[in-house]
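In case it helps, full-length UniProt numbering puts the sequence shown at residues 1 to 338. Following: one structure in C-alpha cells, then a few remarks.
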Amino acid sequence: MKNILITGGAGYIGSHTAVALVESGYNPIILDDFSNSEKGVLKGLKKILSKDVKSYEGDCNNKALVDKIFKENEISGIIHFAASKAVGESTQIPLKYYSNNINSLLVILEVMKKYGVKNIVFSSSCTVYGQPDHLPVLESTPRKEAESPYGNTKKICEDILHDHIKSKPNTKAIGLRYFNPIGAHPSAEIGELPLGVPANLIPFVTQTAAGIREKITVFGNDYNTKDGTCVRDYIHVLDLADAHVKALEYLEKQEDNFIDIFNVGTGNGNTVLEVVQAFEKVSNQKLNYEIGPRRPGDIEKVWANTDKVNNLLGWTAKYTLEDSLRDSWNWQKKLSGI
Ligand SMILES: NC(=O)c1ccc[n+]([C@@H]2O[C@H](COP(=O)([O-])OP(=O)(O)OC[C@H]3O[C@@H](n4cnc5c(N)ncnc54)[C@H](O)[C@@H]3O)[C@@H](O)[C@H]2O)c1
1 MKNILITGGA GYIGSHTAVA LVESGYNPII LDDFSNSEKG VLKGLKKILS
51 KDVKSYEGDC NNKALVDKIF KENEISGIIH FAASKAVGES TQIPLKYYSN
101 NINSLLVILE VMKKYGVKNI VFSSSCTVYG QPDHLPVLES TPRKEAESPY
151 GNTKKICEDI LHDHIKSKPN TKAIGLRYFN PIGAHPSAEI GELPLGVPAN
201 LIPFVTQTAA GIREKITVFG NDYNTKDGTC VRDYIHVLDL ADAHVKALEY
251 LEKQEDNFID IFNVGTGNGN TVLEVVQAFE KVSNQKLNYE IGPRRPGDIE
301 KVWANTDKVN NLLGWTAKYT LEDSLRDSWN WQKKLSGI
C-alpha cells in the first residue's frame with residue numbers, strides 16, 4: 001500500500017481526502033499542527049474508516065520533523081494542504097501567511113528531493129484568477145493581481161512549483177485550483193470547523209439555522225448577476241477529495257519533471273440567494289437574512305471551466321448543491337447537538 005503524506009490532513013479538505021485515499025487503497029499519513037483543526041478529527045476518521053490513520057503532530061515548517069517522517073515511512077507522494085487560509089486575517093498579519101504558506105512548501109520540496117519522492121499535489125485556489133474577464137474560467141486564463149496576501153501566497157507557491165520543476169529535480173507536481181468547497185462527510189463524523197466568526201457563506205448559513213448567529217448578511221445585491229448577489233462554484237468536499245486521488249493516480253503515470261494545473265469545480269455557478277433558497281428547501285427551515293452593502297474585495301462572479309480536469313484526470317463532480325447543503329446541515333446539527 002502506498003504511503004501518502006497529507007500535510008494539514010486534520011483540516012477540512014485534508015480529512016475528507018484521507019477517507020478518499022483509504023477507499024482507493026492508499027495509506028494516508030497525516031502531519032498537522034492543529035493550528036486550525038481539532039484532534040477529534042482523528043477520532044472521526046477512525047469511526048468512518050474503522051482504523052486509525054497514522055498521524056504526526058507538528059509544524060511542516062520544521063524541516064527536522066518532516067525529514068524524520070520521510071525517514072520513518074516510505075513516502076510515495078505528498079498532498080500539501082497545510083496553510084493558513086483566512087483571507088481577512090492575511091491582510092492584518094501578512095507575514096504569518098507568507099511565512100507559513102511559502103516556507104512549508106519549500107521545506108516539503110527540499111525533503112522530497114533529498115529522499116527522491118516524486119509526486120506532489122498542491123492546494124491552490126480559484127482566488128488566483130481574481131475577477132476573470134471570461135467565464136467559465138479556464139486554467140490558461142492569465143492570473144490577476146492577488147486581492148489579499150493569502151491569495152498572493154497561492155500564486156507564489158504555484159510559481160515556486162513551476163520554477164522547481166524547471167530545474168529538473170525529478171519531481172512531478174499538480175496544482176489543484178479549488179473553487180468553493182462545501183458539504184461534509186455524510187456520516188457527520190468530519191466536516192468544516194470554522195474557528196470564530198465564519199468568513200464563508202455556508203458555515204454562516206448553517207450556524208444561523210442552528211441559532212448560533214442571529215442572521216445572515218448578504219453582501220450586496222446590486223452585482224451584475226441574475227439576482228444581483230455574488231456567484232460562486234460550490235463543490236462538495238467529497239468530490240474535491242476524490243479529485244486529489246485522481247490527481248495522484250495521474251501523476252504516477254507521468255514522466256519526471258511534469259507539472260500541470262487543474263480547476264476543480266462543478267462548472268456551475270450559484271448566487272448567494274440561490275444557496276439560501278436551496279438550504280431552506282433541504283433543511284426545511286426559514287433563514288433570517290438581510291441585504292447589506294458589498295464587502296470590499298469580493299469578486300462578483302466566478303465558476304470553473306472543467307473540461308481539462310474532466311478529460312485528463314477523468315474526474316467529474318457527482319454531488320449537487322442540495323447534496324452538499326444537506327451534508328453541511330447534518331454536520332452542523334451534530335456539532336450543535338440538534
Ligand atoms: N476551504 C477553502 O475554501 C479553500 C479554497 C481554496 C484553497 N484552499 C486551500 O486548501 C488547503 C486546505 O484548506 P482547508 O479548508 O482544509 O483548511 P483547514 O484550515 O481546515 O486545514 C488546514 C490544516 O493545516 C493545518 N496547518 C496549517 N499550517 C500548518 C503547518 N505549518 N504545519 C502543519 N499543519 C498546519 C491546520 O491545523 C489545518 O488542520 C489550504 O491550503 C487552503 O489554502 C481552501
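By construction, the Cβ of each residue, glycine as well, lies at the ideal position given by its N, Cα and C atoms.
A heavy atom of ligand 1 is found nearer than 7 Å to the CB of Y12.
In terms of Cα proximity to V275, the closest of N36, R326, A83 and H164 is R326. Scanning the stretch 153 to 214 for uninterrupted beta strand (DSSP E) segments of 3 residues or longer gives 172 to 178 and 180 to 182, listed from N- to C-terminal end.
Bounds of the alpha helix (DSSP H) holding Y115 are N103 to Y115.
Taking 4 residues as the shortest admissible run, the stretch 68 to 107 contains the following complete alpha helix (DSSP H) segments, listed from N- to C-terminal end: 87 to 92 and 94 to 97. Separation of S283 and W329 (C-alpha to C-alpha, rounded to the nearest whole angstrom) is 7 Å.
Assignment of beta-bridge partners to P28 by DSSP yields I4.
By the Cβ test, the stretch 307 to 321 is in contact with the stretch 231 to 251, since at least three Cβ pairs between them sit closer than 8 Å.
Of the other Cβ atoms in all chains shown, fewer than 16 fall within 10 Å of the Cβ of V197; this residue is therefore exposed. Put simply, of V66, K154 and D323 the residue whose alpha carbon is nearest the alpha carbon of K281 is D323.
Burial check for R295: the Cβ neighbour count within 10 Å stays below 16, so the residue is exposed. Relative to the non-hydrogen atoms of ligand 1, the Cβ of L31 comes within a distance shorter than 7 Å of at least one. Between G267 and A243, the alpha-carbon positions lie close to 14 Å from each other. The residue among P28, E72 and G116 with its C-alpha nearest the C-alpha of I79 is P28. With the rule of 3 Cβ pairs closer than 8 Å, the stretch 188 to 206 does not count as touching the stretch 144 to 164.
Separation of I174 and L135 (C-alpha to C-alpha, rounded to the nearest whole angstrom) is 23 Å.
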